[in-house]
Amino acid sequence: MIMTYSQNNNDMPTPHFRVGEFKCKCGGNHGIKLDCELVEKLEELRTYLDCSRIIINSGFRCPEHDRRVGGNGGGMHTKGQAADIVCYDRQGDIIPAGVVCCAAQEVGFNGIANIDNTYTAVHVDTRSGSKWYGDEAVPGGTSSSVCEDFYEYYPDVKPVGEIKTGMIEIDGVKYKYTLEKA
Ligand SMILES: [Zn+2]
Ligand SMILES: [Zn+2]
15 MIMTYSQNNN
25 DMPTPHFRVG
35 EFKCKCGGNH
45 GIKLDCELVE
55 KLEELRTYLD
65 CSRIIINSGF
75 RCPEHDRRVG
85 GNGGGMHTKG
95 QAADIVCYDR
105 QGDIIPAGVV
115 CCAAQEVGFN
125 GIANIDNTYT
135 AVHVDTRSGS
145 KWYGDEAVPG
155 GTSSSVCEDF
165 YEYYPDVKPV
175 GEIKTGMIEI
185 DGVKYKYTLE
195 KA
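Residues 15 to 196 (this note's numbering) are what the sequence shown spells out, left to right.
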C-alpha cells in the first residue's frame, strides 16, 4: 500500500527506517509518498546483509525534482516505490553494489540496479509485473536489464551463509566485503 505522509512526519514504519529519510530533496513543502512494501523489503535487506546502517540517498521525488535529477518525472521514485541506497557492514565499510544487488534479488525487489561508477550505490524499487536488473555504469544498463540473475552478473558474490568474507573485483578495483548470517 502506498501511503502519503505529511512533510514533517517522522514515524518509523519499520524498526530501522523513518518516513523523513524518504522525503523529497527539492526543499518544497509537499507530502511524502512511501510504499509500505518498499520499507518492509529494505528492512529485510538490512537483516539479510547484517547492515550497521542503510543510507537513503534518494527516496520519494516530486515530478519536478525527478526531472531536475535526470528522470522523466514519472518514474518509480515519484510513486514512492523506489530508494537509492548505500549499505554499510558492521565494520562501517560500504558493502559493494554487486553484493547488495544479489541480496536485493534474494528479498524480492523487482527493480534493482547499480547506479554509480564506483559500485557503491544501488537503486531498488517495488515495481510489479516486470523486472529490471540494471547497471547504470555500463551502456544500455539504464534502459534494459543487464541480466536475469545478479549471481551470474556478479559471479564472485555467493549467497549469505556460503561465504563470510571475501573480495570482489569490479573493473580492476578490489573491494572487501563481510557477510555474516543474521
Ligand atoms: Zn519535491
Ligand atoms: Zn533510483
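Cβ coordinates follow ideal geometry from the N, Cα and C atoms, glycine included. As the structure is a computational prediction, the values presented were derived from the model and not from experiment.
With distances taken between CB atoms, is the gap from residue i to residue j smaller than 8 Å?
| i | j | result |
| --- | --- | --- |
| Tyr168 | Cys101 | no |
| Lys55 | Val121 | yes |
| Val136 | Gly148 | no |
| Asn124 | Lys145 | yes |
Comparing the CB of residue i with every heavy atom of ligand 2, is any distance shorter than 7 Å?
| i | result |
| --- | --- |
| Ile182 | no |
| Ile129 | yes |
| Asp98 | yes |
| Ser72 | yes |
| His30 | no |
Ignore the nearest five residues each way along the sequence and tell me which others in residue i's own chain have a CB closer than 8 Å to its CB.
| i | result |
| --- | --- |
| Gly106 | Ser66 |
Near residue i, which residues of its chain fall below 6 Å by C-beta distance, leaving aside the five closest residues on each side in sequence?
| i | result |
| --- | --- |
| Ala196 | With a pLDDT of 45 at Ala196, under the threshold of 50, the modelled position of that residue is not reliable, and no figure is offered here. |
| Ala96 | Met90 and Asp139 |
| His79 | Cys38 and Cys40 |
Within the present structure, is the beta-carbon of residue i separated from the nearest heavy atom of ligand 1 by less than 7 Å?
| i | result |
| --- | --- |
| His79 | yes |
| Cys38 | yes |
**OP:** Tell me, please, whether the segment 70–83 touches the segment 32–40 by the rule of three or more beta-carbon pairs shorter than 8 Å.
**Re:** yes
**OP:** Could you tell me which uninterrupted beta strand (DSSP E) segments, each at least 3 residues in length, are contained entirely in the segment 46–123, listed from first to last along the chain?
**Re:** 46–49, 67–72 and 96–102
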